[in-house]
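Chains as they are written, first to last, in my numbering: chain A, 430 to 562; chain B, 1013 to 1259; chain C, 2 to 119; chain D, -17 to 143.
This is the structure we're talking about:
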């Protein structure tokens, strides 16, 4: 039963990644593309954190409860894996940086061309290039 | 109704595959060897980082150089955004002047904003300064801190914030102070024969120099976001006039 | 005492789930923005503030968390109070903006604000 | 230096509750942060320190909070849930006179009205609140006041005036 729930969670996350990939590639609106990209990043991070989880009871966060050698024994037996969490913090920060940059680019595109639809944008870009020649 | 069909198919596929898979995979019950090494060594072992919070220990000590470059990526992104919206001195002055009467929100929202800003400042400082004891740390605290100027921009206006002395230049100066602080503390262990970004037991009961990393990162992230928000808050009308794009 | 706190917290979280369900139903069922706003209030107060307080009580009643239980409880209480203050201001701002922009078409029984603005 | 002390106390209490421990380190950093927050935003928050530090007002605030969460919210939540099931509504925007004068008292009344499902404050000026009410039973301002905001105003006067 636990293995079943575990695989349902993993498969759900993979399905979410597929849906967000569809959103990135097939939606014409740039803002919707950005939203899909955010969902993609967050789901990937959740998947990585899930790999560090331990399916035991009780499970503890990776913080020493008290500063004694006896506490360390039970701590190592119950705590979750800290490495994926540390990596995910790095990934979250970099994902946020990328999002800020993309959001600024989209705002600037909207100010310059008045649209965020890729189809209309390509038409306008062709017009601009034609005007310069 | 039309949307329900693909959703049903996806759910059926997930449960079917999970039923097939469940006999074959083992749920994660043990930590990997590297994770166990970090858990055992973070405070007591031979390779101690002197921090009871294992994630922070990995972040600022074991894999400190990772974090250093992550911070630099983040600030390169902010610099990139500032470059996209670059204004020269005259244009910046123009953007700072009120063009017309700015419409502000109602009394209720303004009063609530005041109280919430005071609470958010306290909460974000708590998140940042306890990064070596509880989940959280510099980046999380800084993100929470950046909510305060964002709320003020939304409820009053960008001009109110600039009138009180927090404009883009000051925010960038604060950010630079934070970055320089991180760099100095990262180089400090080299003078004592350690490796770069090693945790120093300056104040042993505070988890060493972790608290300084967290504090400077808090300052840098909060101020960097504030600069970004101040740029985003320039009204579109003003910006179009500056860029020379037609109405 | 711990048991009592634990059960109070669990019941509050369940209440929060029920309120969220009703809020979502209301958002789907009601016809226009102003009436949907009332359903959204059910989702923010009953569906966010009450379960946050519930998490606080539940953490206070769970001994296996050790020293962390006060941190978890305190964080959820402070977050609950901030949400309690901010949610009402947010709903008010939405209603104010919608009425100002006159984008929503509806047939109210009476609209004194529009009469007074003219 | 008006408002620094009361804002610092608010920030200090928030800090300690959020941290969830009272070791010397927490108290020390909390004190520094609280004083910093007080100097930064204190002058915008509080007009009279003596009013903000009056314990009687705080007791009334606690009593009001308990009564609000336990009785008033429960009643209105049940009412709106019933409406979600039946789908009946009779909405409109009514004028409600308001008697309290200070900013905080007005905010408390308006927030209390908005936080109860079924009523949302749309706009306010010096004399009136404009309330979007899900079930308009009367259009007379005084009767509306009795239905919607009388109880909140009573407490707001005790707490903030």
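Glycine included, each C-beta is placed from N, C-alpha and C at the ideal position. From a predicted model like this one, the values you see are computed outputs, not experimental measurements.
Margin query: Run through the DSSP bridge pairs and tell me what residue 111 of chain D is partnered with.
Written below: D/78 and D/106
Next item on the list: Using a Cβ-Cβ cut-off of 7 Å, state whether residue 1059 of chain B counts as contacting chain A.
Entry: It does not: the Cβ of residue 1059 of chain B has no partner Cβ on chain A nearer than 7 Å.
Next item on the list: Give me the Cα-Cα distance between residue 466 of chain A and residue 75 of chain C, rounded to the nearest whole angstrom.
Entry: When rounded, the distance between both Cα atoms is 34 Å.
Next item on the list: Compute the Euclidean distance between the alpha carbons of residue 1163 of chain B and residue 499 of chain A, then round it to the nearest angstrom.
Entry: 47 Å
Notebook entry, point to check: Mind checking residue 1152 of chain B: buried by the 16 CB within 10 Å criterion, or exposed?
Noted result: So residue 1152 of chain B ends up on the buried side.
Checklist line | C-alpha gap between residue 439 of chain A and residue 473 of chain A, whole angstroms | finding: 11 Å
Note to self: One question on the structure: do residue 98 of chain D and residue 68 of chain D come within less than 7 Å of each other, judged by their Cβ atoms?
What the structure shows: Not a contact, by the Cβ cut-off of 7 Å.
Notebook entry, point to check: Whose Cβ in chain D lies nearer than 7 Å to the Cβ of residue 1267 of chain B?
Noted result: The structure shown does not extend to residue 1267 of chain B, since chain B is modelled only from 1013 to 1259, so the question has no answer here.
Item checked: N-terminal and C-terminal residue of the alpha helix (DSSP H) that residue 0 of chain D is part of -> -14 to 1 is the extent of the alpha helix (DSSP H) around residue 0 of chain D.
Notebook entry, point to check: Are there 16 or more other CB atoms within 10 angstroms of the CB of residue 59 of chain C, so buried, or fewer, so exposed?
Noted result: buried
Note to self: Short of 6 Å in beta carbon distance, which residues of its chain neighbour residue 17 of chain C, apart from the five on each side in sequence? Order them along the chain.
What the structure shows: If we look at residue 17 of chain C and ignore the five residues flanking it on each side, its Cβ neighbours are 48, 51 and 52.
Notebook entry, point to check: Pairing CB atoms from the region 99 to 109 of chain C with CB atoms from the region 29 to 44 of chain C, are three or more of them under 8 Å?
Noted result: yes
Next item on the list: State the Cα-Cα distance for the pair residue 1255 of chain B and residue 1109 of chain B, rounded to the nearest angstrom.
Entry: Approximately 16 Å, taken between the alpha carbons.
Note to self: I'd like the span of the alpha helix (DSSP H) that includes residue 64 of chain D, first residue to last.
What the structure shows: 55 to 68
Check: With distances taken from CA atoms, which of A/460, A/441, A/494 and A/432 is nearest residue 1054 of chain B?
Finding: A/494
Check: Are three or more beta carbon pairs between the region 1227 to 1247 of chain B and the region 1078 to 1093 of chain B nearer than 8 Å?
Finding: yes
Check: Sorry if obvious, but does the Cβ on residue 524 of chain A come closer than 6 Å to a heavy atom of the ligand ADP?
Finding: Within the structure as shown, the ligand ADP is missing, as the structure has no ligands at all.
Notebook entry, point to check: With respect to the alpha helix (DSSP H) encompassing residue 36 of chain D, which residues constitute its N-terminal and C-terminal limits?
Noted result: Bounds of any alpha helix (DSSP H) do not take in residue 36 of chain D, whose DSSP letter is neither H nor E.
Margin query: If the cut-off is 9 Å on Cβ atoms, which residues from the region 449 to 475 of chain A count as contacting chain C, listed in chain order?
Written below: none
Next item on the list: Give the residues from the region 1043 to 1056 of chain B that approach chain A closer than 7 Å (Cβ to any Cβ), ordered along the chain.
Entry: 1043, 1044, 1046, 1047, 1048, 1050, 1051, 1052, 1055 and 1056
Next item on the list: Under 9 Å between beta-carbons, which chain A residues line up against residue 68 of chain C? List them in chain order, please.
Entry: 494 and 495
Notebook entry, point to check: When the distance is taken between beta carbons, is residue 1130 of chain B closer than 7 Å to residue 120 of chain D?
Noted result: no
Notebook entry, point to check: If you measure from the beta carbon of residue 1259 of chain B to each beta carbon in chain D, is any gap under 7 Å?
Noted result: Unreliable positioning characterises residue 1259 of chain B in this predicted model, as indicated by a pLDDT of 49, which lies under 50. The coordinate reading is nonetheless provided below. Residue 1259 of chain B does not count as touching chain D.
Checklist line | residue 507 of chain A, DSSP secondary structure in three states | finding: Residue 507 of chain A carries a helical assignment under DSSP once its states are collapsed to helix, strand and coil.
Margin query: Determine whether the beta carbon atoms of residue 1092 of chain B and residue 1158 of chain B lie at a separation below 7 Å.
Written below: no
Next item on the list: With DSSP as the reference, label residue 1259 of chain B as helix, strand or coil.
Entry: Any answer about residue 1259 of chain B is weak, because its pLDDT of 49 lies below 50 and its placement is not dependable; what the coordinates show is given next. Three-state result, residue 1259 of chain B: coil.
Next item on the list: Report buried or exposed for residue 147 of chain D, applying the criterion of at least 16 other Cβ atoms within 10 angstroms of its Cβ.
Entry: Outside the displayed range of chain D (-17 to 143) lies residue 147 of chain D, so it cannot be described from this structure.
Checklist line | N- and C-terminal bounds of the alpha helix (DSSP H) containing residue 21 of chain D | finding: 6 to 27
Checklist line | Partners in chain A for residue 1093 of chain B, counting only beta-carbon separations shorter than 7 Å | finding: 529, 530 and 533
Next item on the list: Could you list the residues in the region 23 to 55 of chain D with a C-beta less than 7 Å from some C-beta on chain B, going in chain order?
Entry: If the cut-off is 7 Å between Cβ atoms, the region 23 to 55 of chain D has 23, 26 and 27 near chain B.
Item checked: Which residues DSSP lists as bridging residue 489 of chain A, in chain order -> A/508
Next item on the list: Determine, using beta carbons only, whether residue 445 of chain A comes closer than 7 Å to chain B.
Entry: no
Next item on the list: Output yes if chain C places a C-beta closer than 7 Å to the C-beta of residue 1118 of chain B; else output no.
Entry: Yes, residue 1118 of chain B lies at the interface with chain C (some Cβ there is under 7 Å from its Cβ).
Next item on the list: Could you run through the region 92 to 118 of chain C and flag, in chain order, every residue whose CB is less than 7 Å away from some CB of chain D?
Entry: Those would be 92, 93, 96, 97, 100, 109, 110, 111, 112, 113 and 114, in chain order.
Margin query: Using a Cβ distance threshold of 8 Å, determine whether the region 17 to 28 of chain D contacts the region 42 to 56 of chain D, with at least three qualifying pairs required.
Written below: no
Notebook entry, point to check: Are the region 1119 to 1128 of chain B and the region 74 to 93 of chain D touching, with three or more C-beta to C-beta distances below 8 Å?
Noted result: yes
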